[in-house]
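Enquirer: My questions all concern the structure below.
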Amino acid sequence: MASIPAFFPPSTPLSSRPIRCAIADGNNFMTTHSLRFRPKQRLSHETALKASVVAAPPVEETKVCTLPTWSEFELGRSPVYWKTMNGLPPTSGEDLTLFFNPAATNLTPNDEYGIAFNGGFNQPIMCGGEPRVMTRKDRGEADLPFYTIKIRPPKHAVNLIFSFTNGTDWDGPYILQFKVLKKWKNKPMSFFNEGLTEELSRDGACAEAIFPDSYVVIESCEIDNLYQEGGDRCKLDFVPGCMDPSSPFYDPLANVDDGSCPLEMDSDEE
134 MASIPAFFPP STPLSSRPIR CAIADGNNFM TTHSLRFRPK QRLSHETALK
184 ASVVAAPPVE ETKVCTLPTW SEFELGRSPV YWKTMNGLPP TSGEDLTLFF
234 NPAATNLTPN DEYGIAFNGG FNQPIMCGGE PRVMTRKDRG EADLPFYTIK
284 IRPPKHAVNL IFSFTNGTDW DGPYILQFKV LKKWKNKPMS FFNEGLTEEL
334 SRDGACAEAI FPDSYVVIES CEIDNLYQEG GDRCKLDFVP GCMDPSSPFY
384 DPLANVDDGS CPLEMDSDEE
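Count the sequence shown with the working numbering and you get residues 134 to 403, in order.
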């Protein structure tokens with residue numbers, strides 16, 4: 134398979150390039166990121182060519198952004214957040230979770246599936262082209278949900294170029310830069326593109342590189358009576374006290390027995 138030219142050739146040595154999340158020039162972004170998403174239909178190459186095209190928002194220059202604080206992301210001041218397994222910056226070959234907060238954008242989640250992710254490594258066509266439904270993370274009735282997806286960058290990936298869609302409109306594209314192996318820091322972009330092409334030529338490689346995040350529904354808490362029905366977390370408003378209704382020290386408001394109920398003495402032992 135022939136190598137593919139770099140989508141974003143580095144203007145500075147790779148070792149000095151910052152880890153960043155940036156909005157790319159919409160005019161240079163590949164059309165695979167402007168395909169209308171049909172959740173119940175797998176987008177083949179032929180189907181993709183016939184799909185409706187949504188105009189990408191005009192972006193005149195690259196806007197560089199850094200990883201926001203969780204509070205900034207949670208409050209809707211930044212649309213993208215990421216978290217690595219080891220707490221270090223995003224690195225090729227290391228798993229990370231990508232978060233999206235639609236409240237920070239003009240993108241309204243689809244009523245059926247929410248938000249879908251479309252992205253590729255080094256250039257949009259490398260694992261891009263077919264949007265993947267993201268995992269919805271509910272935060273209760275008062276807050277809008279987040280959406281997440283897992284990323285396992287190939288070793289030759291230097292960045293991830295991605296967008297989000299509700300099936301009609303798009304938000305993005307964004308670029309997430311990866312740290313590469315130390316021995317490869319001064320390699321040209323062609324080295325990474327050729328290596329990436331070989332890595333992704335294996336069957337199932339893209340499915341292993343971009344895959345759904347797990348979603349665990351809390352059904353009960355370790356401490357009885359502390360799960361709030363209809364919520365997504367355990368209640369933390371502990372009220373210690375005697376919980377034995379037959380005890381003179383019974384506290385009807387208590388939800389955690391603190392051992393204050395006096396033990397009944399057996400009359401035969403007195």
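No residue lacks a Cβ here, since even glycine has one placed at the ideal position from N, Cα and C.
Quantities reported herein were computed from a predicted structural model and do not represent experimental measurements.
Tell me the residue span of the alpha helix (DSSP H) that contains residue 221.
Expert: Residue mapping note: residue 221 aligns to position 88 of the sequence shown, counting from 1. That residue, residue 221, is in no alpha helix (DSSP H); it is neither H nor E in DSSP.
Enquirer: So, using beta-carbon positions, are residue 378 and residue 389 closer together than 9 Å?
Expert: Sequence index remark: in the sequence shown, residue 378 carries index 245 (1-based). Sequence index remark: in the sequence shown, residue 389 carries index 256 (1-based). No. Outside cutoff.
Enquirer: Short check: CB of residue 243 to CB of residue 249, under 9 Å?
Expert: As a working note, residue 243 is residue 110 in the sequence shown. As a working note, residue 249 is residue 116 in the sequence shown. In contact: residue 243 and residue 249 (Cβ atoms closer than 9 Å).
Enquirer: If we call anything under 9 Å between Cβ atoms a contact, is residue 341 one with residue 285?
Expert: The count along the sequence shown starts at 1 and reaches residue 341 at position 208. The count along the sequence shown starts at 1 and reaches residue 285 at position 152. In this structure, residue 285 lies closer than 9 Å to residue 341 by Cβ.
Enquirer: Whose C-beta lies closer than 7 Å to the C-beta of residue 290 among residues of the same chain, with five residues either side of it excluded?
Expert: Within the sequence shown, the letter at position 157 stands for residue 290. Hits under 7 Å: 225, 254, 255, 311 and 329.
Enquirer: What residue from 318, 235 and 228 has the CA that sits closest to residue 270's CA?
Expert: Here residue 270 corresponds to residue number 137 of the sequence shown, with the count starting at 1. Comparing Cα positions, the closest option is 235.
Enquirer: Relative to the alpha-carbon of residue 303, which residue among 233, 376 and 316 has its alpha-carbon at the smallest distance?
Expert: Locating residue 303 in the sequence shown gives position 170, where the first residue counts as 1. When only C-alpha atoms are compared, the closest one is 233.
Enquirer: Quick one, which of 321, 222 and 239 has its alpha-carbon nearest residue 209's?
Expert: Along the sequence shown, one-based indexing puts residue 209 at 76. Closest option to residue 209, Cα to Cα, is 239.
Enquirer: Classify residue 145 as helix, strand or coil using the three-state DSSP reduction.
Expert: For the purposes of this step, residue 145 is taken as the residue at position 12 of the sequence shown. Confidence at residue 145 is low in this model, with a pLDDT of 33, below 50, so the placement of that residue is unreliable and no value is reported for it.
Enquirer: Just how far apart, CA to CA, sit residue 180 and residue 227?
Expert: Taking the first residue of the sequence shown as 1, we reach residue 180 at position 47. Taking the first residue of the sequence shown as 1, we reach residue 227 at position 94. Because residue 180 carries a pLDDT of 30, less than 50, the predicted location of this residue cannot be relied on, and no value is offered for it.
Enquirer: In the DSSP assignment, the beta strand (DSSP E) including residue 292 goes from what residue to what residue?
Expert: Here residue 292 refers to the residue found at position 159 when the sequence shown is read from its first residue. Per DSSP, residue 292 belongs to the beta strand (DSSP E) from 292 to 298.
Enquirer: Check whether the Cβ atoms of residue 325 and residue 313 lie closer than 9 Å to each other.
Expert: Position 192 of the sequence shown holds residue 325. Position 180 of the sequence shown holds residue 313. Pairing residue 325 with residue 313 gives a Cβ-Cβ distance under 9 Å.
Enquirer: Name the residue from 259, 229 and 391 whose alpha carbon lies nearest to the alpha carbon of residue 282.
Expert: Against the sequence shown, residue 282 aligns to sequence position 149. Per the Cα distances, 229.
Enquirer: Compute the distance between the beta-carbons of residue 214 and residue 300, then report whether it is under 9 Å.
Expert: The sequence position of residue 214 within the sequence shown is 81, counting from 1. The sequence position of residue 300 within the sequence shown is 167, counting from 1. No, the pair does not count as a contact, with Cβ atoms beyond the cut-off.
Enquirer: Quick check: the Cα distance between residue 376 and residue 394, rounded to an integer number of angstroms?
Expert: Within the sequence shown, numbered from 1, the residue matching residue 376 stands at position 243. Within the sequence shown, numbered from 1, the residue matching residue 394 stands at position 261. Approximately 7 Å between the Cα atoms of the pair.
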